[in-house]
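Sequential numbering of the sequence shown, starting at 8, is according to our numbering.
From the three backbone atoms N, C-alpha and C, an ideal C-beta is built for every residue, glycine too.
Note that the structure is predicted; figures quoted are calculated from it, not measured.
A short worksheet on the structure shown next.
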Amino acid sequence: MLHNAEKELERPLLETSRKQGTKLTRFAQQLLWAGRRIDTRLAPVLEGMTEDLQREIENLLHVEDHSSLRMHASHGFAVEGLLHVAGEQKTSSIELGYRTAVEALASLNRGDCDLAGFQVPVGEFEDAILRHYEPLLDPDKHCLIYLAQRTTGFFVQPGNPLDIHSVADLARPNVRFVNRQVGSGTRMLVSLMLRQKGIDSARIQGFDTSEFTNTAIAAHIVGGMADVGIGVQTAAWRCGLDFIPLAQERYFFAVRRDNLLSAQVQQFIDLLLGDAYQAFVRQLVGYDTTSLGQILTLHEAFAEAFGRRLSRTA
């Protein structure tokens with residue numbers, strides 16, 4: 008099969024040496040990662056289409072299924088783990104729709120989901136990010152379920168050959184960047200960091216090149232299609248890339264207060280606190296599980312930043 012592929016592509020896919028034996032050529036490795044990147048790009052799209060189709064069928068049949076927990080969230084390894092553990096235990100059913108943070112919170116307000124996932128950076132950019140979420144979060148209607156704190160930063164080739172260390176390096180003409188999708192919390196964070204440094208995003212080669220998942224970002228770097236990308240540390244570690252930390256982010260699920268005691272949400276909290284899920288998250292590089300599963304008010308979670316703006320509107 009490989010021989011036929013080599014004839015079709017007119018490129019060698021395998022190379023042999025006495026010391027290393029037979030291995031994939033550089034071209035074959037890039038081809039492999041391009042396929043992986045496409046797979047990870049399509050996965051959330053296909054899952055979203057499946058969810059939409061299921062909803063349309065239920066509407067046509069006038070079926071209301073209240074047994075599953077409807078979750079809207081962006082792609083992340085801790086979120087992915089929820090589906091994995093829930094599927095293994097078969098004690099709770101989770102319907103996941105991939106959405107940006109703003110889309111997820113808007114869905115929660117429309118009643119289209121039970122949980123909305125979103126991340127907030129710790130420190131100086133917290134207040135600016137919260138401004139995007141503030142119109143969609145009501146302290147009288149919503150509370151939060153804490154998931155984890157994770158490390159977000161740059162993915163670069165092993166050894167960091169271009170000596171990239173901060174967002175200022177993205178403006179160099181020899182640096183190709185790959186971003187997260189429009190509307191994502193990670194993309195908003197990059198924009199805020201650039202603004203702080205006084206750098207116009209138009210100067211960044213590849214700023215408008217975007218992917219939907221951390222793994223797809225990593226695949227860009229491994230495949231040589233970009234020099235630097237941004238995402239969660241876990242993806243860099245899994246793909247053998249170097250990682251430059253930029254920010255700590257706390258990840259929450261917003262839930263309506265009147266739904267907190269529902270059977271589905273309580274089963275979800277039990278899942279978070281269970282040994283199987285705790286063990287899963289602890290093995291994720293770059294994740295801190297302290298306070299996992301804690302229920303918080305908006306004021307408790309965001310203290311001065313959120314409370315200050317609420318007091319202005321009171």
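Is the beta carbon of residue i sitting closer than 7 Å to the one on residue j?
i    : j    : result
A135 : A111 : no
V185 : G213 : yes
R183 : D249 : no
G192 : P252 : no
M99  : L267 : It is worth fixing the name first, because residue 99 is Ser in this sequence and not Met. Not in contact: S99 and L267 (Cβ atoms no closer than 7 Å).
L151 : L303 : yes
R157 : V288 : no
D145 : R77  : no
S208 : L201 : yes
V127 : G190 : no
F162 : A243 : yes
A178 : R138 : no
N167 : L143 : no
A270 : C246 : no
T220 : H82  : yes
S74  : E102 : no
Locate the alpha helix (DSSP H) running through residue i, then write down its first and last residues.
i    : result
E133 : E133 to Y140
Q271 : A270 to L280
G238 : Taken as a continuous stretch (DSSP letters only), G238 belongs to no alpha helix (DSSP H), being part of the beta strand (DSSP E) at V235 to V239.
A225 : N221 to V229
Could you have a look at residue i and say whether DSSP puts it in helix, strand or coil?
i    : result
H82  : coil
L305 : helix
T159 : strand
A310 : helix
N167 : coil
N181 : coil
S114 : helix
H91  : helix
R289 : helix
G205 : coil
S99  : coil
L31  : Residue placement at L31 is poorly supported in this model, since its pLDDT is 48, which falls under 50; the coordinates still yield a value, given next. Strand at L31.
D176 : helix
R106 : coil
L143 : helix
L154 : strand
S198 : helix
F214 : coil
For residue i, I'd like the list of residues in its chain whose CB is within less than 7 Å of its CB, leaving aside the five on either flank, ordered along the chain.
i    : result
L291 : F84, A85 and T241
E307 : none
L154 : A85, Y258, F259, F260 and L299
D147 : none
Q301 : Y153
I276 : I152 and G300
H172 : I251
D295 : A155 and Q156
Within a Cβ cutoff of 8 Å, which residues of the same chain sit near residue i, ignoring the five residues on either side of it in sequence?
i    : result
D170 : D176
G88  : Y284, F287, V288 and L291
H392 : Because the chain is modelled from 8 through 321, residue 392 falls outside the range shown and cannot be assessed.
P119 : In the sequence as presented, Pro is not what sits at residue 119; that position holds Asp. Excluding residues within five positions, the ones whose Cβ falls inside 8 Å are R77 and H79.
A321 : Because A321 carries a pLDDT of 48, less than 50, the predicted location of this residue cannot be relied on, and the following value inherits that uncertainty. Contacts found: none.
I228 : F162, V163, Q164, V185, D234, V235, G236, C246 and L248
Here's a check: name, in chain order, each residue in its chain whose Cβ is nearer than 6 Å to the Cβ of residue i, leaving out the five neighbours to either side.
i    : result
Y7   : In this structure the chain extends from 8 to 321, so residue 7 is not present and cannot be described.
L31  : Note that L31 scores 48 on pLDDT, short of 50, meaning its location in the model is unreliable and no value can be drawn from it.
R106 : H79
E256 : Q126, P128, R157 and T159
I206 : A178
What residue does the beta strand (DSSP E) around residue i start on, and which one ends it?
i    : result
I251 : D249 to R263
P128 : L122 to P128
Quick one: is residue i near chain D, going by C-beta distance under 7 Å?
i   : result
S99 : The chain labelled as chain D is not found in the depicted structure, where only one protein chain is given.
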